[in-house]
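For the sequence shown, UniProt numbering assigns the number 1 to the initial residue and increments by one for each residue that follows.
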Amino acid sequence: MQNKDVLFEIGLEEMPARFLPGTIEQLETKTTAWLNELGLSFEKVLVHATPRRVAVTILSLSDKQPDIEEEVKGPALRIAKDEAGQWSKAAQGFTRGQGATVEDIFTKDVDGTEYIYVKKFVKGQHAADLLPSFKDVLLSLHFPKNMRWGSGNLRYARPIRWIVALYDESVIPMEIAGTESSNLTYGHRFLGKTATIDNPAAYASVLEEQFVIVDQKKRQQMIIDGIRQLETANGWHIPIDEDLLEEVLYLVEYPTVFHGDFAASFLDLPQEVLITSMKEHQRYFPVTDPSGQLLPHFIGVRNGNSDHLENVARGNEKVLRARLQDAEFFFAEDKAQPIEKAQEKLAKMVYQVELGTLQDKVDRVTKIAKMISEAAAIDKETAARAERAASIAKFDLVTNMVNEFTELQGIMGEKYARHFGEADSVAQAIREQYMPLSSHGALPESVEGTIVSIADKLDTIVGSMVIGNVPTGSQDPYGLRRQAIGIIQMLLKTDWQITVEEIVDRTVKLFEQQALPTVEKNTYTEDIRNFFKQRASQLLKEEGISHDVVEAVLSVQIGNYPYTLAKAKTLQVLRQDENFKPVQEALGRVINLAKKGADQGVEEALFENEYEKQLYSMLNQNKTAYMEAASNRQAKEALDTLAAFADTIHAFFDHTMVMAEDEKLKTNRLSLLNQLAALILSYADVTKVQWKQVQ
């Protein structure tokens with residue numbers, strides 16, 4: 001028989017735009033897996049989506065499953081035969097159940113035990129009989145949020161209004177939540193009508209006649225083409241924000257691009273306010289001149305055709321004008337309220353119940369910023385500016401503008417700080433405190449901004465974790481993982497001689513000193529350290545560092561992250577160097593044997609041979625050179641200093657019984673090894689590095 005196309009469409013009330021990209025991806029994956037599991041061949045799976053429908057088209061589906069002959073496993077041979085060597089009732093029952101006889105039995109060894117088998121012929125089922133089970137695929141979809149409707153118990157993205165299910169020209173019987181399948185679909189909510197789908201191939205064209213462009217790629221191109229036409233006709237520049245484009249794409253079924261205008265006087269507002277009003281609130285694309293300066297125009301996308309488009313534009317202009325008038329009022333009001341007046345309100349705003357008010361947070365962040373400046377040896381003038389920025393960093397949270405446009409926190413803080421005469425670097429730091437905005441977003445450019453950003457994030461992470469708000473699985477409502485990654489990335493960008501553990505531990509002490517009733521001492525410091533280690537591990541792997549090397553350099557602590565990264569890159573290269581293996585073996589023997597004791601001090605008078613003396617002498621001589629290289633973050637030079645011990649270590653072990661019967665000798669030798677092991681482990685636990693010889 002001939003292969004046929006299949007169509008499934010599920011019609012719903014309007015879904016949020018953010019639901020659809022993930023739904024498309026799920027459907028493509030799940031449909032393909034379902035077809036493969038059934039053993040039905042196909043040419044391609046196409047998934048399309050609009051706000052009111054999700055559709056799957058399966059091209060050239062085979063008409064039936066292939067016939068197969070499979071081996072069916074039965075009981076063990078010792079059970080399948082009786083004492084007389086005849087087939088037992090168990091064997092006879094097994095073969096009968098498979099439509100076979102005992103003459104069909106053969107045996108196979110499975111992990112040392114003989115089992116009986118028979119071959120079973122399985123006739124392939126017809127696709128028409130299998131397709132109704134696609135209902136399970138539709139019901140398996142996950143959405144960010146579900147709802148119930150009517151008297152049923154089904155929870156789904158939105159109420160289901162119709163189902164189209166076609167196998168060529170035949171309707172596939174299916175029912176979900178009381179809605180039965182048919183070949184009837186529905187067009188655009190206002191412009192379209194009910195339409196009949198004769199076969200899957202006609203699906204897109206039938207809907208287009210009803211003002212629905214079901215193919216999201218085609219809708220997207222229509223939007224882009226419309227924008228570019230206006231751009232060319234008017235000499236404008238219209239940047240297409242990809243996130244906004246995707247959102248608009250899934251808000252409309254039949255896109256028509258239009259442009260509107262607003263009063264040029266509104267251009268006196270901060271550019272960020274105008275852009276936020278247009279993009280975030282109204283889903284408009286801003287218009288600029290070739291130099292990037294905003295123009296008093298905007299681009300919108302209508303869900304419909306071009307009829308009466310001028311009325312649509314005027315209506316949108318009216319809505320935007322009202323928003324911008326509000327923004328104008330807020331901006332003027334905020335500029336009339338000094339920073340100190342705004343700060344007073346922070347003491348009345350709860351940050352988190354267990355952690356006090358926003359002013360409490362500001363006070364902690366200011367202290368952390370001061371601590372970072374001291375630890376990093378920042379010059380007094382810069383440190384003072386960073387401290388000032390931290391002390392007023394949150395004042396804009398109580399302004400009218402940020403209350404209306406929460407996305408502008410920090411940005412408006414910078415604008416208002418400049419207005420009230422704060423130093424440019426202080427104002428800039430207020431904006432930069434929230435950077436990076438994503439795991440790999442732009443980092444603060446100023447030293448002051450970097451200090452305040454790290455301080456703010458440290459307060460958030462440590463504060464959240466000491467009160468038990470620890471990220472679990474995919475749940476991270478406070479974005480602690482992203483913020484920890486941001487801290488490490490900022491430390492990488494700087495030349496500061498500070499360690500992650502140092503700033504974490506000092507921040508923890510600050511919370512303990514605050515004597516919050518929910519904070520218990522010494523119960524979470526290690527958890528916070530490990531939390532940062534996990535983020536450092538992630539970043540190292542993104543740099544191409546193998547898992548074993550990551551484990552090695554993070555075995556004790558993160559330390560100074562720029563140096564840790566340099567060490568990891570050095571080991572990543574040397575793990576493939578044939579000369580590294582004997583070095584690793586020597587250093588590894590020291591680490592492993594040192595675990596059998598502790599450093600109780602070395603007495604040179606207890607040395608019995610030259611090899612002990614040589615190793616101890618070399619340790620004392622090379623320690624300074626090693627520490628100097630480490631201080632300068634010279635990873636290769638530091639490792640070379642450790643590698644120089646290799647021959648002396650091998651000679652020591654060849655001629656010295658470390659675990660001597662004499663307890664004093666054993667303790668002395670283990671103390672020597674512990675001192676050397678401490679030096680090695682401050683670089684990395686080289687025992688974890690897997691030597692990989694390049695073939």
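Glycine is no exception: its CB is placed at the ideal position from the N, C-alpha and C atoms. As the structure is a prediction and not an experimental result, all values here were calculated from the model.
Spanning the alpha carbons of Pro132 and Ser170 requires a straight line of approximately 12 Å. Counting only the Cα atoms, Ala264 lies some 22 Å from Val257. Assignment of alpha helix (DSSP H) within the stretch 440-516, counting only whole runs of 4 or more residues, yields 447-466, 480-493, 500-513 in chain order.
Nearest to Pro290 by alpha-carbon distance, out of Thr232, His308, Pro255, Ile299, is Thr232.
Under the DSSP assignment, Thr564 falls in the alpha helix (DSSP H) whose first and last residues are 561-574. In the displayed model, Trp691 falls within coil according to three-state DSSP, outside both helix and strand.
When Leu565, Val102, Thr50, Asp424 are compared, the shortest CA-CA separation from Ser537 is found for Leu565.
DSSP, reduced to helix, strand and coil, places Asp109 within a strand of the structure shown. Contact between Tyr117 and Thr107 holds, with the beta-carbon distance rounding to 7 Å and staying under 8 Å. For Ala165, there is no enclosing alpha helix (DSSP H); the residue is found in the beta strand (DSSP E) stretching over 160-167. One Cα belongs to Phe395, the other to Thr450, and the distance between them is close to 19 Å. Secondary structure remark: continuous alpha helix (DSSP H) runs of at least 4 residues inside the stretch 234-282, in chain order: 242-249, 271-276. In the DSSP assignment, Ser438 falls outside any beta strand (DSSP E), carrying neither H nor E.
Here Tyr478 is not near Thr494, since their CB atoms are 8 Å or more apart. Taking a cut-off of 8 Å for Cβ pairs, the stretch 631-642 and the stretch 679-691 touch, as three or more such pairs fall below it. For Lys367, no beta strand (DSSP E) encloses it; the enclosing alpha helix (DSSP H) starts and ends at 358-375. Under the criterion of beta carbons closer than 8 Å, Leu673 and Val556 do not qualify as touching, at roughly 17 Å. For Lys44, the enclosing beta strand (DSSP E) has its first and last residue at 44-50.
If you draw a straight line from the Cα of Glu501 to the Cα of Gln483, it is about 16 Å long. By the CB criterion at 8 Å, Ile163 and Met174 fall inside the cutoff.
Rounded to the nearest whole angstrom, the C-alpha separation of His655 and Gln614 is 12 Å.
When the five nearest sequence neighbours on each side are left out, the beta carbons in the same chain lying within less than 8 Å of the beta carbon of Leu138 are those of Phe8, Ile10, Ile176, in order along the chain. Counting of Cβ neighbours within 10 angstroms places Arg431 among the buried residues, the total reaching 16 or more. Lys30 counts as buried, since no fewer than 16 other beta carbons sit within 10 angstroms of its beta carbon. Under a 10 Å Cβ-count criterion, Leu320 is classified as buried, with 16 or more other Cβ atoms of the shown protein chains found around its own Cβ. In the DSSP assignment, Tyr524 forms no beta bridge with any residue. Checking the DSSP bridge columns, you'll see Glu69 partnered with Phe121.
When C-alpha distances from Ile454 are compared across Pro471, Ser474, Ile485, the shortest belongs to Ile485. Shown here, Ser170 sits in a strand according to DSSP, grouped into three states. Close CB contacts of Ala383 within its chain, under the 6 Å cut and outside five residues either way in sequence, are with Ser373 (chain order). DSSP places Phe645 in the coil class of the three-state scheme, outside both helix and strand. Under DSSP, Gly11 shares a beta bridge with Arg53, Trp162. Beta-bridge annotation (DSSP): Thr288 is paired with His237, Leu294. Straight through space, the alpha carbons of Thr499 and Asn560 are spaced by roughly 4 Å.
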